[in-house]
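Asks: Let me begin by handing over the structure; questions about it come next.
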């Protein structure tokens, strides 16, 4: 069974382990940040302290304390504690854990907590394999993920778990952790004479961006690679820290940031905030987003937010997608940018979006009705014997190619779904409809 060769839950932490691992909290009082879920009196804290934990999902950016919180639980709980990582664990190992947990519960009345790191890496079948045991209480699941569980974890498993979101640590949280790291002689760097300048600290806090592990790793690297001055002090200056925590490549800090950035881009287009829309697209591209995903969303929103106010917006969005397929990146970033600018600067209307949703709403409510006889198909032999097409008026036979005739079921007579706005081309449509 894979218990992860790196046993992060060993009480005898190797002194050669990274600083972030050596400083892993041993109790809730040593835990930094996340007061919104484990502060005094909070539900999760009470459950941990009372050893009455039920299945939970922890999600949040890297370095926010998901694994550390699981470690704390392993220290205070009387249950068996097993750690697995979904990256290198298969369904066979999971079944073995479940069988062992079932025996422990049956023979000794002892519960088993399974900490499954990166649970989003499990496919649907693997997640389904956990469900019966979670339902029966044979295992208590702690799932950790950087991805939004509402997108990556089966709904059945979510409904049987409490979800706790971990936020990026505040600068104050990271400052306190750095202070501990520099003074703790047993697990930290307290045996070394260090001086961290205010400028270096501020740079460290800013570039860590709420990731405590990143901050501690940079601090440790700076301390290990900087020579002492004539007084035996290691001076951690701004220059030293800039070198130790080089600006990382852009990435999504959390899975749901992908959707948040896309939402920000679309809302910027909707508001005609062109510069903001370009910025959010740039953020997504630099974070490694699939440009086809961006192009697809532009196609959708060219109709949803612009629609008939400027029908050419859809053409621009589709053209950008085609350009992306033909040219590829990075050149196609220019085509995507052109589409975004065009969409953002276009007149806006959501009449297409509201029209189709109103029609679908009627259908789903059962407002179906019969197809009027004059609209029914007459192309097959015998259709006219059933009255199909009787009374149909051919619009092209009338002035302005228009004739007054009903086209909806009689149950929906005079129902209107499409309300053209007064924007762009729709202003002309509005005039025509009035005429």
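Numbering (the numbering used here), first residue to last: 6 to 440.
Backbone N, C-alpha and C define an ideal beta-carbon position, used for all residues, glycine too.
#1: Could you please give the first and the last residue of the uninterrupted alpha helix (DSSP H) stretch that includes residue 237?
#2: Run through the DSSP bridge pairs and tell me what residue 170 is partnered with.
#3: Taking just the CA atoms, how far does residue 298 sit from residue 124?
#4: Can you tell me the Cα-Cα spacing of residue 346 and residue 271, whole angstroms?
#5: Distance check for residue 351 and residue 420, CA to CA, integer angstroms please.
#6: In or out: residue 209 buried (at least 16 other Cβ within 10 Å) or exposed?
#7: Work out the CA separation of residue 310 and residue 372 for me, nearest whole Å.
#8: Pull up the DSSP beta-bridge partners for residue 121, would you.
#9: Using only the alpha-carbon positions, how far apart do residue 122 and residue 97 sit?
#10: Based on the DSSP secondary-structure assignment, which residues constitute the bridge partners of residue 33?
#11: According to DSSP, residue 200 sits in a beta bridge with which residue or residues?
#12: Indicate whether residue 58 and residue 71 have their beta-carbon atoms separated by less than 8 Å.
#13: Check whether the Cβ atoms of residue 408 and residue 415 sit closer than 8 Å, and answer yes or no.
#14: Would DSSP call residue 426 helix, strand or coil?
#15: Quick check on the DSSP output: the alpha helix (DSSP H) that includes residue 38 runs from which residue to which?
#16: Would you mind giving the Cβ-Cβ distance between residue 173 and residue 163, rounded to the nearest angstrom? I have them listed as a contact below 8 Å.
#17: Suppose you measure from the CA of residue 211 to the CA of residue 55; what does that come to, to the nearest Å?
#18: Beta-carbon within less than 7 Å of residue 227's beta-carbon, same chain only, minus the 5 sequence neighbours each way: which residues are those?
#19: Buried or exposed: where does residue 412 fall if 16 or more other Cβ atoms within 10 Å of its Cβ makes it buried?
#20: Pull up the distance between the alpha-carbon of residue 140 and that of residue 44, whole angstroms please.
#21: Going straight from the alpha carbon of residue 390 to that of residue 378, what length do you get?
#22: Cutting at 8 Å between CB atoms, please list the residues of its own chain near residue 388, excluding the five before and the five after it.
#23: When you compare the region 355-362 with the region 420-437, are there three or more beta-carbon pairs, one atom per stretch, that lie closer than 8 Å?
#24: Just curious, the alpha helix (DSSP H) that residue 294 is in, first and last residue?
#25: Going by other Cβ atoms of all chains shown within 10 Å of its Cβ, with 16 needed for buried, is residue 305 buried or exposed?
#26: Mind checking residue 77: buried by the 16 CB within 10 Å criterion, or exposed?
#27: For a quick check, are the C-beta atoms of residue 117 and residue 144 less than 8 Å apart?
#28: Alpha carbon to alpha carbon, what distance is there between residue 37 and residue 207?
#29: Counting pairs of beta carbons, one from the region 231-241 and one from the region 266-285, are three or more of them closer than 8 Å?
#30: To the nearest angstrom, how far is the alpha carbon of residue 192 from that of residue 29?
#31: How long is the line joining the alpha carbons of residue 175 and residue 216, rounded to whole angstroms?
#32: Taking 8 Å as the threshold (C-beta atoms), are residue 307 and residue 348 in contact?
#33: At what residues does the alpha helix (DSSP H) containing residue 222 begin and finish?
#34: Does DSSP classify residue 96 as helix, strand or coil?
#35: Report yes if the C-beta distance between residue 65 and residue 171 is below 8 Å; otherwise report no.
Replies: Taking the definition as stated:
#1: Start at 1 with the first residue of the chain shown, and residue 237 comes out as number 232. Following the DSSP letters along the chain, one finds residue 237 in no alpha helix (DSSP H), marked with neither H nor E.
#2: Taking the first residue of the chain shown as 1, we reach residue 170 at position 165. Residue 170 is bridged to 64.
#3: Locating residue 124 in the chain shown gives position 119, counting from the first residue. Locating residue 298 in the chain shown gives position 293, counting from the first residue. Near 24 Å, if we compare the C-alpha coordinates of residue 298 and residue 124.
#4: Here residue 346 corresponds to residue number 341 of the chain shown, with the count starting at 1. Here residue 271 corresponds to residue number 266 of the chain shown, with the count starting at 1. Looking at the two C-alpha atoms, the distance is approximately 12 Å.
#5: As a position in the chain shown, residue 420 is number 415, starting the count at 1. As a position in the chain shown, residue 351 is number 346, starting the count at 1. So the alpha carbons of these two residues sit roughly 29 Å apart.
#6: Taking the chain shown and counting its residues from 1, the one referred to as residue 209 is at position 204. That one is buried.
#7: Locating residue 372 in the chain shown gives position 367, counting from the first residue. Locating residue 310 in the chain shown gives position 305, counting from the first residue. Approximately 27 Å, taken between the alpha carbons.
#8: In the chain shown, residue 121 corresponds to position 116, counting from 1. DSSP lists 89, 148 as partners of residue 121.
#9: To locate residue 122, count along the chain shown from 1; it is residue 117. To locate residue 97, count along the chain shown from 1; it is residue 92. Straight-line Cα distance between these residues: approximately 17 Å.
#10: Locating residue 33 in the chain shown gives position 28, where the first residue counts as 1. DSSP, once it has assigned bridges, lists no residue as partnering residue 33.
#11: Working through the chain shown from its first residue, we reach residue 200 at position 195. Answer is 240, bridged to residue 200.
#12: Position 53 of the chain shown, counted from the first residue, corresponds to residue 58. Position 66 of the chain shown, counted from the first residue, corresponds to residue 71. Cβ distance not < 8 Å, so residue 58 and residue 71 don't count as in contact.
#13: Along the chain shown, read from residue 1 onward, the residue named residue 408 stands at position 403. Along the chain shown, read from residue 1 onward, the residue named residue 415 stands at position 410. No, the pair does not count as a contact, with Cβ atoms beyond the cut-off.
#14: Walking along the chain shown from the start, residue 426 turns up at place 421. Coil.
#15: Along the chain shown, read from residue 1 onward, the residue named residue 38 stands at position 33. Neither: residue 38 is in no alpha helix (DSSP H) and is coded neither H nor E.
#16: To locate residue 173, count along the chain shown from 1; it is residue 168. To locate residue 163, count along the chain shown from 1; it is residue 158. That belief does not hold up - the Cβ atoms of residue 173 and residue 163 are roughly 23 Å apart, past 8 Å.
#17: As a working note, residue 211 is residue 206 in the chain shown. As a working note, residue 55 is residue 50 in the chain shown. Residue 211 and residue 55: Cα-Cα distance of roughly 37 Å.
#18: On the chain shown, position 222 is the one that residue 227 refers to. Around residue 227: 241, 245, 246, 249.
#19: One-based indexing of the chain shown puts residue 412 at position 407. It is exposed - the Cβ of residue 412 has fewer than 16 other Cβ atoms within 10 Å.
#20: Mapped onto the chain shown, residue 140 falls at position 135. Mapped onto the chain shown, residue 44 falls at position 39. The straight-line gap from Cα to Cα measures roughly 28 Å.
#21: As a working mapping, residue 390 is identified with position 385 in the chain shown. As a working mapping, residue 378 is identified with position 373 in the chain shown. Residue 390 and residue 378: Cα-Cα distance of roughly 11 Å.
#22: Counting from one through the chain shown, the residue named residue 388 turns up at place 383. Taken in chain order, the residues that qualify are 381, 382, 394.
#23: yes
#24: Taking the first residue of the chain shown as 1, we reach residue 294 at position 289. In the DSSP assignment, residue 294 falls outside any alpha helix (DSSP H), carrying neither H nor E.
#25: Here residue 305 is taken as the residue at index 300 of the chain shown, counted from 1. Exposed is the call here.
#26: Residue numbering aside, residue 77 sits at position 72 when the chain shown is read from its first letter. With 16 or more other Cβ atoms within 10 Å, it is buried.
#27: Counted from its first residue, the chain shown places residue 117 at position 112. Counted from its first residue, the chain shown places residue 144 at position 139. Yes, Cβ-Cβ distance for residue 117 and residue 144 is below 8 Å.
#28: The residue you call residue 207 lines up with position 202 of the chain shown. The residue you call residue 37 lines up with position 32 of the chain shown. Residue 207 and residue 37: Cα-Cα distance of roughly 18 Å.
#29: no
#30: Here residue 192 refers to the residue found at position 187 of the chain shown. Here residue 29 refers to the residue found at position 24 of the chain shown. The alpha-carbon atoms of residue 192 and residue 29 are separated by roughly 9 Å.
#31: Taking the first residue of the chain shown as position 1, residue 175 is located at position 170. Taking the first residue of the chain shown as position 1, residue 216 is located at position 211. Going by the C-alpha atoms only, they are around 9 Å apart.
#32: In the chain shown, residue 348 corresponds to position 343, counting from 1. In the chain shown, residue 307 corresponds to position 302, counting from 1. Yes, the Cβ-Cβ distance between residue 348 and residue 307 is below 8 Å.
#33: Translated into the one-based positions of the chain shown, residue 222 becomes position 217. Element bounds for residue 222: 217-230.
#34: Counted from its first residue, the chain shown places residue 96 at position 91. In the structure shown, residue 96 sits in a helix (DSSP, three-state: H, G or I).
#35: Residue 65 sits at position 60 when you count from the first residue of the chain shown. Residue 171 sits at position 166 when you count from the first residue of the chain shown. In this structure, residue 171 lies closer than 8 Å to residue 65 by Cβ.
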